[in-house]
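If you read the protein sequences in the order shown, they are chains R, X, B and H. Remember, our numbering sits 1 above the position in the first sequence when you count from 1. Remember, our numbering sits 12 above the position in the second sequence when you count from 1. Remember, our numbering sits 63 above the position in the third sequence when you count from 1. Remember, our numbering sits 233 above the position in the fourth sequence when you count from 1. Glycine residues also receive a C-beta, built at the ideal position from the N, C-alpha and C atoms.
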Amino acid sequence: MIDTPVLAQAMPSFRKPMPTMLVALAILGGWLALALAAPVIAPYDPDAIDIMNMLSPPSALHWFGTDQVGRDVFSRVLFASRVDLLLCVAGVLPPLLIGTTIGLLSGYFGGVVDNVFMRIYDLTVAFPFFVLVLAIVGVLGPGLLNFILALTLVGWVSYARLVRAQVLTIRESEYIQAAKCLGYRPVAILGHHVLPNAIGPVIAYAVSDAVLVMLAGASFGFLGMGAQPPLAEWGVMIADGQAFVQQAWWICLFPGLAAISLGLGFALLGDGLGQIQRRGVTA
Amino acid sequence: RVVSPFQTTTLDPMRSAAAGNIETYGQLYSRLLRRDAETGALEPGLAEKWDISPDGKTYTFHLRDAQFSDGSPITAADVAFSLERIRTDKKSAYPAPLGAVEAVSAADAKTVVVTLKSAFAPFLGNAEIWNMGIVSKADVDKRGEEAFASVPVTSGPYEVKQWKPNEKLVLEPNPHYWRKGYPKSDATVELIEIASPETRIAMLKAGEIDVVRAVPWAQVDDLKTVETVDMRLEPSTTIYMTLLNHKREPFSNLKARQAAGMAIDNKAMAKAITRGYAEPANTTLPGSVDFHDKDYPGISYEPAKAKELLAESGMAGREVKILATADALSQQMALLIQAQWQAIGLKPSIVNVDGGAWWDATGKGDYDAAANWWYNETPDPDLAVRWAVCGTCGSNSYNTFYENPKVDALVEQGTREADPAKRAEIYKEIQRITTEEVAQIPLYYAPNAVAYSRRLQGLRLTPSLQWTLEETSIGQ
Amino acid sequence: MTGLENGKPPLLDVRDLSVTFGAFAAVKNVSFTLQPGEILGIVGESGSGKSVTCRAVMRLLAAGASAQGSVALDGRDLLALGEDELCAIRGRDIGMIFQNPASHLDPLRRIGQQVAAPMIRHLGISKREGWQRAVRLLDDVGIREPEKRARSYPHEFSGGMKQRAMIAYAIGCQPKLLIADEPTTALDVTVQARILQLLKELNRKTGLAMILISHDLGVVADICSRVVVMRGGEVVEQGPIDEVINRPSHPYTKLLIDSQPGRRTYGTTATAGGSAPLLDIARLSVTFGAGRSLLGGIGGDHSFRALDGIDLTINAGETVGIVGESGSGKSTLARSIVRLNTPSGGTIRVDGQDVGTLAGDALTAFRRRVQMVFQNPYDSLNPRLTIAEAVAEPIWRHGLADRQTARKQADALLETVELPRSLRDRKPRQLSGGQCQRVGLARALALKPQLLIADEITSALDVTTQAQILELLVRLQRERALTLLYISHDLSVVSSLCQRVYVFKAGRIVEQGVASEVLTTPQNPYTQALVASLARLPTERTAPHSQSVSHHAT
Amino acid sequence: MPLLQLISRRLLQLIGVLAGISLVTFLLVHMAPGDPARLLAGERASAESIAAIRAQYGLDLPLWRQFLTYIANLVSGDIGLSLRFQRPVIQLIEQFMWPTLFLTGYVLCLAVPPTVALAILGARRPGGIGDQIIRLVGIAGLTIPVFWLGIMMSRFFGVSLGWFPVSGYGTGFTGHLHHLFLPAVSTAIWLVPVLTQSLRAALIEKTTADFVTAARAQGATERQIFWQTMLPNAVLPTLNLLGVMVAFMIGGAVIVETVYAVPGLGTLMVNALLGRDYYVVQGLTLVFAVSTVLITLAVDLLTAFIDPRVRF
Ligand SMILES: Nc1ncnc2c1ncn2[C@@H]1O[C@H](COP(=O)(O)OP(=O)(O)OP(=O)(O)O)[C@@H](O)[C@H]1O
Ligand SMILES: Nc1ncnc2c1ncn2[C@@H]1O[C@H](COP(=O)(O)OP(=O)(O)OP(=O)(O)O)[C@@H](O)[C@H]1O
Ligand SMILES: [Mg+2]
Ligand SMILES: [Mg+2]
């Protein structure tokens, strides 16, 4: 539905280098590199269990120590980055796209369309996430993919609502009227004129959302949701390590730090994007 | 104030056998007999004394003068009513302990006569189980179900002050309790439900509560160093084991089961998981039940041989679905088992589910293996064998669908035999057969890890999961 | 006139003021002074830096701009003041009327509140008192039913009404200095005359000094005592008004004076009478706000009839003018033709087709044939698109050319509306008012429409540029048989450009006919008033004179 | 008049939403494996007793009949009896509702002022030192896992320092305030950055708006400009986001409620689900639906109140 690169329009100039953007790209690039190179760098098989060596503290052998079943935390953190990077993207993009589209349509066309979408919205927000997760696990089985499905089914509402609020005012502006008058198709108006002007707060929110998604899997672990063992994923590592945190702080700390650093990367990215987006109007 | 992860869902003693309820029934209802908190010996309860007919088929209980919490006397009619309810009411959750009973009748106001179908050695012990609590016939007749849903008339040391389902149950001493001078402390008791172990411990440390049940092993050492906390490991009849599904391949195959058993180093697991607080298990029965065979060597850890056996069985490379719930312990066990089985050539995968789905899947036999635990209410092994290894006792051998006619016959025989020595032989035989056939893979015998505030004296959790609240006094 | 009494310290002293946006110097070494009570006019080419100069005086430049030089008000250098002191001066001592009134009004607050706010702030009066004064001010600037209108929101105002609200907003505190950036561009002459009268009165009574930016030399000559002529960011000439007008020394000034409308006529081709009407409007009515506003109940009945039974026809190739008082429904008519307002009654037919029923391809074809240039040049441009993109977009969207070619055509179009190439990659925010207006025109022309509706397209242009644009329209009309619906308050332009004219008042047509006749021998009293209040630049001037403005526009 | 119309229309729509959501929830919960009777009767319960329980509650009937019965009861105003506790669902919900509402209100009180303060500070001089610090702190706040934070806070403030209780709801208003302090703070710490980001982005966008310049030209101080002009113009997206968040919070402040053992709706929901207590789940879903619709309505009304251009 977006026929011109919206982002290119929303953020046209890279003339000035921006420090936050550079840091963000460095962090994200770094994690991407680590994720790709995980099999090469990781000293151990991330799933290899060593009963005799459980909960051993960080040492020269195990840099980040071992976990409650003797797996090497360092290797797991590395391997988990693959899952988590993917999760951040896959968990945010679908709701973002769906929610933004619905928000645009709903806000722009108003009337019946809006009413229908807003009732679906009410339904979704009111819908207990747990029931959904439970049903999905029950019917489709547990697993990351289904988790992302659940996130998407629920996550779009925030975006839709956010975008709709923006569109409601933008659609009254004269440049949208001018665009109508010029005979642009609604798709073009929405994609090219409304969206770039509405997307600012959405990007800001999407980035915070990425961080939340990363940690959500761990929260729903008790329903059997999220990454399934033994797959390494930071959120699950933290959640599982919680019970052992008294003697083995390293099980929780390192995945936590990893998650925070990746989150930082995303947050800074969002920040930078916001700045560039704003520059779109003036420079 | 006691916290437990388990919920109280009903106050009717016959209606549930779930962990949270078991703990509370003992506080609300007296039974015909009671067990001494210290020694565990059977002692008179509501029944002052009893006679057993020579053929072991008729038990006559003579009741003492006792009153319900509303002050009305506890009569033989109440006792007969209560026991018959447990035995015959459709909604009774756990009628098994009274399986041998033919009829219960009130001979006069103070005498109850129980006739059995045949001699049944564990009967007295069974009559002490938590769900055998005596309820007021008048109250139930008058208010019916509602009585238990709101505030029941009780016969035990406590009565209900307030029940907030899902949150807490507040008890206060029953002034009409028959044991004079008990409860020792007149403090109210709050049974609070909190699912997260971290929160439970945090509350204890913050002094918001006095007792924590089910302390995670990982926290035991830490709590031992806390001054205000008395961290105890109390004997229990709990056994941790791995269920195997005998209904489908690979574990319908004996050699595959044996291979799976040998692949598991349960000594290492016990040490690793419980930090050595639990004993590795050697048979399919809990270690502290009567007639447990201490000397049986158990399944040895021989990974090399396991590999061979598995190859022989033709089940190598089979996929194995290990069910696990999301708590840390279950995860840990599942992971360890998965790794050890992988080493001998199975293809195990872990499937996380919640409790409801767990029961659903095991009940339907839609799984291959699952690590879990259970415990026995009495020291007598009868209920245990019926639960764990008997194919004809309604439990499907704890959903493993293990069935061996010889074992089933032995189970029946065990109850009819009055001579302890002979009974010991029978139960040892059962243990031998079922362990050899790997009905389940025994892992370890775990004590109850309970942390108490030091200001409480005399409180403990008995092996049959009853708090000795009435014996408890509160210090400073 | 308080005039130039030498010896008195100047009220405002601007010295060597330069403003740069990055590498681009928008204002170069501008100096002028203003005595108390004096009215200074600034005229000049569109984009010559007039607005930027005024913003620099108020220290209201955009973030990317930097200003050098000094601006002294009563001897205090404004460029060096602290934020607090500045706040006390802004609005109190200096008032400012912005060029784009639409975007300078807060869309969320009632007009009355906005007008009252500075008075409440600076004069320390109560809210009620502020509101009452606001209503009075709105009345003063010629807004009908001021009590009711004070409750309206900006989006419910017509272009001219917003401008008047802006004026009320600026003069409420009776500042010492008023900077008025094209204060009367979107106003019809009667209201314009009334506003000028009001400003002059303020000047006389309270000694209000003024900087008046205008492209209308007639207005400037009417009320200013001195004038500054700017071009390309520099002051090319300044001096007392008579001198500059009668003896211009700079060639640009000469050109400016010669291009005054009324001094030239545009040879528009006469229509071949009798041809079928291209546009046929019958009994058109438009009603606003009938029970639609959610919280509308508060202000009583909000329903408002903006057009009431309009009949209007335009033949192919004709140029028809619409004049009329501000808020009379001119823009509403234009917007209805292009289907941006839904009529509550009547029909609009283009070539016999009912516009209201068009859909799908027919609608697209209609859009290509009928185009409109919006009254508010700045708001009608997407803030995120460069102007070249904005102009190229309709071309490729309608499949008239691929994007590459569309770009080239856009560049050509920008050139035809007199916009230099160097501006093509700017965003609307970086352009002057007149520049935006021309972008809007270029964009509308991109589709080569048959019927062009032009809503005040030259109001923000200096006369030289205006002349060029009108020239362009005439040429297009000749070459492409362009039909033009020209909405303007500028009678002189309308009379020289249009063949027929309709005069609007309060949503009705009060007079119509051949342009030259209607505007020379008006029949309707309103038209008469309109014509009478036209401020023409006298061919030979000796002294500025004031016109009698006894009648009210309302 | 239009106000009443809008409200009544929404309430009508509410009925549709409720019907839809009841059906979907009903199907989904029943589709999930797990038997309430088993969970109710306990592990060692016999097959017969489980069958008896199922029969008693009509769980053995075909699904559509169960649903019809449920709807019929619903229409007559009865939302059912908890399978587990044998108590009316309404009574349970009423019991668990207050802590959640209190917590939600508490979180709002704790989250909104800092959000506004931080967003102002940040937007006042975008890119300035204050803004950078706020941004970094905000980013850090975003990246901290809520449950991790919850546990750490309960350890530190609850156990080590003993300042605040780590569980429960307390009694009396101050008791509630005291008991819910940590949970409210943990939630707010997560909420504030999300809202601040959104508000700050919108505010910065408005700093360059012409009408802000105009207000400045009238001598309005930065404070006045902020409160009277910029904030109302920028607040709508954030308000909408807040609406979504509050709806989510009422529906499931589960993590916080479990970590701090708050007896609220989230706790009830999780327990009801784990125990497959169908009617409690259904009842809660209805409550969430109603509260969502009410919140949406409130936000929409506020939106229309703030922005006269917006029509519904
Ligand atoms: N924010 C900006 N960034 C870059 N250039 C700008 C900016 N604002 C204005 N300009 C440029 O500065 C020049 C002077 O603009 P200004 O608005 O002062 O013109 P003006 O004399 O008021 O013209 P008009 O009569 O058309 O309003 C123009 O060429 C314009 O493009
Ligand atoms: N959206 C709206 N809601 C309510 N009233 C409106 C709306 N738009 C315009 N009006 C009213 O309709 C009337 C006609 O407005 P219109 O914009 O057509 O005037 P105009 O003739 O173009 O005036 P100007 O010369 O000042 O631009 C005005 O009184 C205006 O207040
Ligand atoms: Mg200008
Ligand atoms: Mg107009």
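Ranking Pro185(X), Asp307(X), Pro247(X) by CA distance to the CA of Ala461(X) puts Pro247(X) first. Excluding five sequence positions before and after Ala345(B), the CB atoms of its chain that fall closer than 6 Å to its own CB belong to Asp374, Gly409, Thr410, given in chain order. Under the DSSP assignment, Pro432(X) falls in the alpha helix (DSSP H) whose first and last residues are 432 to 448. Judged by the Cβ position, Lys263(B) fails to qualify as a neighbour of ligand 4 at the 7 Å threshold, every heavy atom of the ligand being at least this far. Leu342(B) places its beta carbon 8 Å or farther from that of Val386(B). Interface annotation for the segment 141 to 155 of chain B against chain H: Glu146, Asp147, Leu149, Cys150, Ala151, Ile152, Arg153, Gly154, Arg155, criterion Cβ-Cβ distance under 9 Å. For Gln69(R), the closest Cβ of chain X is nearer than 8 Å. Interface flag for Ile52(R) against chain X is set, since a Cβ pair is found closer than 8 Å. Per DSSP, the beta-bridge partners of Ile242(B) are Met159(B), Ile274(B).
Look at Glu96(X) here: in three-state DSSP terms it is helix. Asp244(B) has its CB nearer than 7 Å to a heavy atom of ligand 3. Checking the DSSP bridge columns, you'll see Tyr464(X) partnered with Val223(X), Asp242(X). Neighbourhood of Gln178(R) in chain B, by CB distance below 7 Å: Leu403, in chain order. With respect to the 8 Å criterion, Met238(R) and Ile252(R) are classified as neighbours on the basis of their beta carbons. Against chain R, the CB of Asp268(H) has no partner CB under 8 Å away; the residue lies outside that interface.
Ligand 4 approaches Ser394(B) closely enough that one of its heavy atoms is under 7 Å from the residue's Cβ. Neighbourhood of Glu173(R) in chain H, by CB distance below 7 Å: Arg542, in chain order. Residues of the segment 432 to 446 of chain H with a C-beta atom less than 9 Å from some C-beta of chain B are Thr440, Thr441, Ala442, Asp443, Phe444, Val445, Thr446, listed in chain order. Per the coordinates, the alpha-carbon of Glu158(X) lies some 8 Å from the alpha-carbon of Gln319(H). By the CB criterion at 8 Å, Asp518(B) and Ala397(B) fall inside the cutoff. Going by C-alpha positions, Phe220(B) is about 8 Å away from Gly390(B).
Minimum Cα-Cα distance from Lys511(B) among the listed residues Thr468(B), Pro72(B), Val433(B), Arg487(B) corresponds to Val433(B).
By DSSP's assignment, His74(X) forms a beta bridge with Lys61(X), Thr123(X).
With contacts defined as CB atoms closer than 8 Å, Lys69(X) and Glu482(X) fail to qualify as a contacting pair. When the beta-carbon positions are compared, Thr471(H) and Leu424(H) stay at least 8 Å from each other.
Look at Gln434(B) here: in three-state DSSP terms it is strand. Each of Gln540(B), Ala451(B), Val115(B) was checked against the Cα of Cys561(B), and the nearest Cα belongs to Gln540(B). Between the alpha carbons of Leu124(R) and Ala522(H) lies a distance of about 7 Å. For the pair Val513(H) and Ser315(H), the CB atoms are nearer than the 8 Å cut-off. By the neighbour-count criterion, in which 16 or more other beta carbons inside 10 Å mark a residue as buried, Pro185(X) falls on the buried side.
Comparing C-alpha distances from Leu150(R) to each of Leu23(R), Trp64(R), Val134(R) shows the shortest one belongs to Val134(R). Distance from the CA atom of Leu45(X) to the CA atom of Phe73(X), rounded to whole angstroms, is 10 Å. One finds nothing in chain B with a Cβ atom closer than 8 Å to the Cβ of Ala205(R); even the nearest lies about 17 Å away. For Arg492(B), the shortest separation between its Cβ and any heavy atom of ligand 1 lies below 7 Å. Nearest neighbour of Glu202(X) by Cα position, chosen from Lys180(X), Ser208(X), Ile486(X), Arg191(X), turns out to be Lys180(X). By DSSP's assignment, Gln469(X) forms a beta bridge with Ser485(X).
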